[in-house]
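Have a look at the structure below before the remarks.
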Amino acid sequence: MSNALKNVKVAPNSATLEEARHRVFDFFKTACRSLPTVMHIYNLDDVTSISELRSTVASEIRKNSHVTNPKVIDMLLFKAFEELKNVVDMAKQRHHIIGQYVVGKQGLVQDRATKDQGISPFLKNFYNSNYS
Amino acid sequence: MALRAAILRHVRLPLQTAPKLHHNQPHPCLASFRFMSSHDDHITKEQVTDRVLAVIRDYPKVDPSKVTPNVHFEKDLGLDSLDTVEIVMALEEEFKLEIPDKEAVRIDSCNLAIEYISNHPMAS
Numbered sequence: 001m002s003n004a005l006k007n008v009k010v011a012p013n014s015a016t017l018e019e020a021r022h023r024v025f026d027f028f029k030t031a032c033r034s035l036p037t038v039m040h041i042y043n044l045d046d047v048t049s050i051s052e053l054r055s056t057v058a059s060e061i062r063k064n065s066h067v068t069n070p071k072v073i074d075m076l077l078f079k080a081f082e083e084l085k086n087v088v089d090m091a092k093q094r095h096h097i098i099g100q101y102v103v104g105k106q107g108l109v110q111d112r113a114t115k116d117q118g119i120s121p122f123l124k125n126f127y128n129s130n131y132s
Numbered sequence: 001m002a003l004r005a006a007i008l009r010h011v012r013l014p015l016q017t018a019p020k021l022h023h024n025q026p027h028p029c030l031a032s033f034r035f036m037s038s039h040d041d042h043i044t045k046e047q048v049t050d051r052v053l054a055v056i057r058d059y060p061k062v063d064p065s066k067v068t069p070n071v072h073f074e075k076d077l078g079l080d081s082l083d084t085v086e087i088v089m090a091l092e093e094e095f096k097l098e099i100p101d102k103e104a105v106r107i108d109s110c111n112l113a114i115e116y117i118s119n120h121p122m123a124s
């Protein structure tokens, strides 16, 4: 189990915004340190990389960056730790991870595996559209 | 038994006296052949610099042309604190380190990162 975070629950009281901010960074670091484990257990090497997952986690955190109430931040951190625990404990499955954290803006997984390198450009365009 | 002793006696190397040298010069063979030792196997500062700059350039929010060894993450590159933490984590991954929180908070710019990593005994 990575990082012994499994039984850490966020203490429900942050006195100040600064303390909450500190907790957010701690959560981010814990998540980043668990990423190699996640990549390994879900076999994500051919769809993404650790730095992309790290960026995804950072952008999820950034989505809530406008919150100013420390108690709300604590609640969000609680949910975040819970989600991280589920992912690391393999309570989720590969398609959950891919759908929630890997799929890019176009809604398609960017394929990194080398298995498609040999196909012809005709086929590649064919998968996109019939009229190229 | 006797045969074994005889064979071993046959292959035993004769002792040699160490060659006499001037007292001032160090013995040339004392630069020892400790192949397995990682005592002075540190990465050089240039390698550290190159790898740190490569990590920072690969970060998607950074403009690669602005990256110099002295760049400050927040002031020069326009990143925010979460981006700084993310870059520090990327450096941890690259050099296989684990940077404690107190030190990680201090790392604000590229040269601090290079200095910290070069001084870290476990960087690889």
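Chains A and B supply the protein sequences, listed in that same order. The UniProt record's numbering applies: residue 1 is where the first sequence begins, and numbers increase by one. The UniProt record's numbering applies: residue 1 is where the second sequence begins, and numbers increase by one. Even for Gly, the Cβ is constructed at its ideal location relative to N, Cα and C.
In chain A, which residues lie with their C-beta within 7 Å of the C-beta of residue i?
i	result
Met89/B	Lys29, Cys32, Arg54
Val52/B	Ordered by position in chain A, no residue passes the 7 Å Cβ test against Val52/B, which lies about 15 Å from the chain.
Glu93/B	Ile50
At 8 Å on the CB atoms, spell out the chain A contacts of residue i, in chain order.
i	result
Val62/B	Per Cβ cutoff of 8 Å: no residues; Val62/B is ~12 Å from chain A at best.
Glu46/B	What Glu46/B touches in chain A: nothing, since even the nearest Cβ is about 23 Å away.
Please name the residue or residues paired with residue i in a DSSP beta bridge.
i	result
Ser109/B	His72/B
Note the first and the last residue of the continuous alpha helix (DSSP H) segment covering residue i.
i	result
Ile73/A	70–88
Pro36/A	17–41
His42/B	Here His42/B belongs to no alpha helix (DSSP H), and DSSP marks it neither H nor E.
Asn130/A	Segment: none, Asn130/A is in no alpha helix (DSSP H) and carries neither H nor E.
With DSSP run on the structure shown, which of helix, strand or coil describes residue i?
i	result
Leu77/B	coil
Ser49/A	coil
Val103/A	coil
Ile97/A	helix
Glu98/B	coil
Phe122/A	helix
Val85/B	helix
Asn119/B	helix
Leu3/B	helix
Leu59/A	The question names Leu, yet the displayed sequence has Ser at residue 59/A. Three-state DSSP puts Ser59/A in a helix.
Ser14/A	coil
Arg34/B	coil
Ser65/B	helix
Asn10/B	At residue 10/B the sequence reads His, which differs from the Asn that was named. In this structure, His10/B counts as helix in the three-state DSSP scheme.
Gln47/B	helix
residue 133/B	With chain B running from 1 to 124 in the structure shown, residue 133/B is simply not present.
Leu91/B	helix
Ala91/A	coil
Leu44/A	helix
Met1/A	Residue placement at Met1/A is flagged as unreliable, the pLDDT there being 43, under the threshold of 50; the coordinate-derived value follows with that caveat. Correct three-state label for Met1/A: coil.
Determine the chain B residues that contact residue i at a beta-carbon separation under 7 Å, and present them in chain order.
i	result
Arg62/A	Leu82
Phe25/A	Val85
Ala58/A	Leu82, Glu86
Say the cut is 7 Å; is the CB of residue i nearer than that to a heavy atom of the ligand GTP?
i	result
Ala123/B	Absence of the ligand GTP from the depicted structure is noted, as is the absence of any ligand whatsoever, leaving it without description.
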